[in-house]
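Here is the structure we will look at, set down as C-alpha cells.
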C-alpha cells in the first residue's frame, strides 16, 4: 500500500514523539542488555511493531517509506529500540509477500493484536546467505514437513513467537530447491542458543535457532515448494533499505550530538566550532548522511511504486548508508576527543551500534560484489 506524503509525515511525527520517551533510557538499554518491558509496550501501543501490516489484519497499513522513516527516527536515539521495529517488520515480511489469506490472518493478526514478535531465520553458520549452500532441510512426510538444521544470528531468536524459516526441500536443485515456512514458538524440537554478547545493539536478543526434527504442517509453507529463494530475495530487497534507514538514524544522532558538544566545548578561548578542521568534518558528515538518506528513500519509493525489483539499488542503499554510519559515528567520537571514548557520552555507543550494520543482512563486501556483477554482466 502506498501512502501520501501527509500520511507518512504522521507516521514520522509519531516516531519522533516515541523517540522522546526512549532517549533518556538509551544508556540503560545498552548497559542492561534489554529493552524495558514498558518501552516495548509503548512501541506496541503506538503501533510501531505492526507498521507494515495491513489494516485488515489489525496493522497500521504503512508502506516501506513510512517504515523506514520510523526506523530512522527511533535509531537517532537508540539503535537497539530501532532494531526491534526493524526485525519485527522483516520477520513478518515473508508472510506479507507470499502468504495466502488464511496464513496472513492466522499469523499477522496476533502480531497486531497481541504484540507477538516475529523473526526471520535465513542465515546459517557455515554459509551465510548463500542459498545453494544452506543445510537446513525440510523433508516432506505426509501432510507435514520435518525440519532439521541450524540458523545463526537470528534477531529475536528465542523470544519471537513466529519464525519465517528458509529450508531446502529439494537440496539437489541449489537455490531452486529452497522453500519458506512459518514455524511457531513452542514447536517440539525447536531449540535456541544463548543470547550472544555483542559489542553493540546490546538491547536486542541475538541467538541461534536449532531445528531438531521439528514438525511443521504443510499449511505453514509459504508459496509452493522451491519458491523460497524468490521470497527471500524480495524480503531482502525491502529489508536492506530499512537497514539503511537504521544506519542513517544512528549517524544523524551522532552528528546532532557532536554539533551540540562542539558548540559548548572551549579551546583556546573559543568554541571548537570556530576551528576550520571541525567545521569541515561536520560539513562532510552532514553531506554523507544526506546522500545516504537520499539513496535509502529513493529505493523505498521504487518499491512502494511497485516498479521493477530494485535489487542493485537496494544493495547500494545498504552498503552506502551503513558505511556512512560507521564513518560518521567514528568522526563524532573524534570531535569529542577523549570524552568521545567514554561511556558518559552516547557517541561511543552509536559507533558500536553502527558497526554491525555493515555486516548483517549480507556483509557490505557481498553487496558490492552483487552490484559489480549486475553492472558488468547484467
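Numbering (my numbering), first residue to last: 3 to 380. The beta-carbon is built from N, C-alpha and C at its ideal position, and this holds for glycine as well. Given the structure is predicted, the values throughout are model-derived calculations rather than measurements.
Proximity of residue i and residue j at Cβ, strictly below 8 Å
| i | j | result |
| --- | --- | --- |
| residue 245 | residue 324 | yes |
| residue 13 | residue 63 | no |
| residue 251 | residue 208 | no |
| residue 93 | residue 120 | yes |
| residue 123 | residue 181 | no |
| residue 31 | residue 82 | yes |
| residue 204 | residue 35 | yes |
| residue 194 | residue 210 | yes |
| residue 337 | residue 280 | yes |
| residue 21 | residue 106 | no |
| residue 136 | residue 217 | no |
| residue 331 | residue 352 | yes |
| residue 10 | residue 71 | yes |
| residue 327 | residue 365 | no |
| residue 171 | residue 153 | no |
| residue 157 | residue 243 | no |
| residue 375 | residue 321 | no |
| residue 333 | residue 287 | yes |
| residue 297 | residue 206 | no |
| residue 230 | residue 168 | yes |
| residue 314 | residue 373 | yes |
Burial state of residue i, where buried means 16 or more other Cβ atoms lie within 10 Å
| i | result |
| --- | --- |
| residue 223 | buried |
| residue 69 | buried |
| residue 175 | exposed |
| residue 80 | buried |
| residue 262 | exposed |
| residue 47 | exposed |
| residue 126 | buried |
| residue 308 | exposed |
| residue 312 | buried |
| residue 289 | exposed |
| residue 162 | buried |
| residue 239 | buried |
| residue 268 | exposed |
| residue 140 | buried |
| residue 319 | buried |
| residue 348 | buried |
| residue 96 | buried |
| residue 316 | buried |
| residue 190 | exposed |
| residue 221 | exposed |
| residue 377 | exposed |
| residue 113 | buried |
| residue 226 | exposed |
| residue 467 | Here the chain covers residues 3 to 380 and nothing more, so residue 467 does not appear. |
| residue 271 | exposed |
| residue 145 | exposed |
| residue 183 | buried |
| residue 255 | buried |
Residue i, enclosing beta strand (DSSP E) - first and last residue
| i | result |
| --- | --- |
| residue 361 | Element bounds for residue 361: n/a, residue is neither H nor E. |
| residue 219 | 208-219 |
| residue 143 | 139-143 |
| residue 250 | No beta strand (DSSP E) holds residue 250; the alpha helix (DSSP H) holding it covers 230-266. |
| residue 183 | 180-186 |
| residue 162 | Where residue 162 is concerned, there is no enclosing beta strand (DSSP E), given that its DSSP letter is neither H nor E. |
| residue 192 | 192-194 |
8 Å contact criterion, which residue i and residue j should meet: CB distance rounded
| i | j | result |
| --- | --- | --- |
| residue 306 | residue 66 | 5 Å |
| residue 151 | residue 228 | That pair is no contact at about 17 Å. |
| residue 276 | residue 363 | Incorrect: roughly 41 Å between the Cβ atoms, too far for contact. |
| residue 24 | residue 41 | 6 Å |
| residue 104 | residue 164 | Going by Cβ atoms, the distance from residue 104 to residue 164 rounds to 15 Å, so no, they are not a contact pair. |
| residue 91 | residue 53 | 6 Å |
| residue 73 | residue 202 | About 16 Å separates the two Cβ atoms, so there is no contact after all. |
| residue 110 | residue 59 | 4 Å |
| residue 88 | residue 248 | 6 Å |
| residue 350 | residue 342 | 6 Å |
Where the alpha helix (DSSP H) containing residue i begins and where it ends
| i | result |
| --- | --- |
| residue 150 | From DSSP, residue 150 is part of no alpha helix (DSSP H) but of the beta strand (DSSP E) over 146-157. |
| residue 283 | 278-306 |
| residue 328 | 313-338 |
| residue 41 | 39-47 |
| residue 5 | Note, residue 5: premise wrong, no alpha helix (DSSP H); not H, not E. |
| residue 136 | Element bounds for residue 136: n/a, residue is neither H nor E. |
| residue 270 | Segment: none, residue 270 is in no alpha helix (DSSP H) and carries neither H nor E. |
| residue 368 | 366-379 |
| residue 28 | 28-34 |
Near the ligand FAD: residue i beta-carbon under 7 Å from a heavy atom
| i | result |
| --- | --- |
| residue 122 | Within the structure as shown, the ligand FAD is missing, as the structure has no ligands at all. |
Segments assigned alpha helix (DSSP H), at least 4 residues, entirely inside the region 76-132
81-100, 103-116
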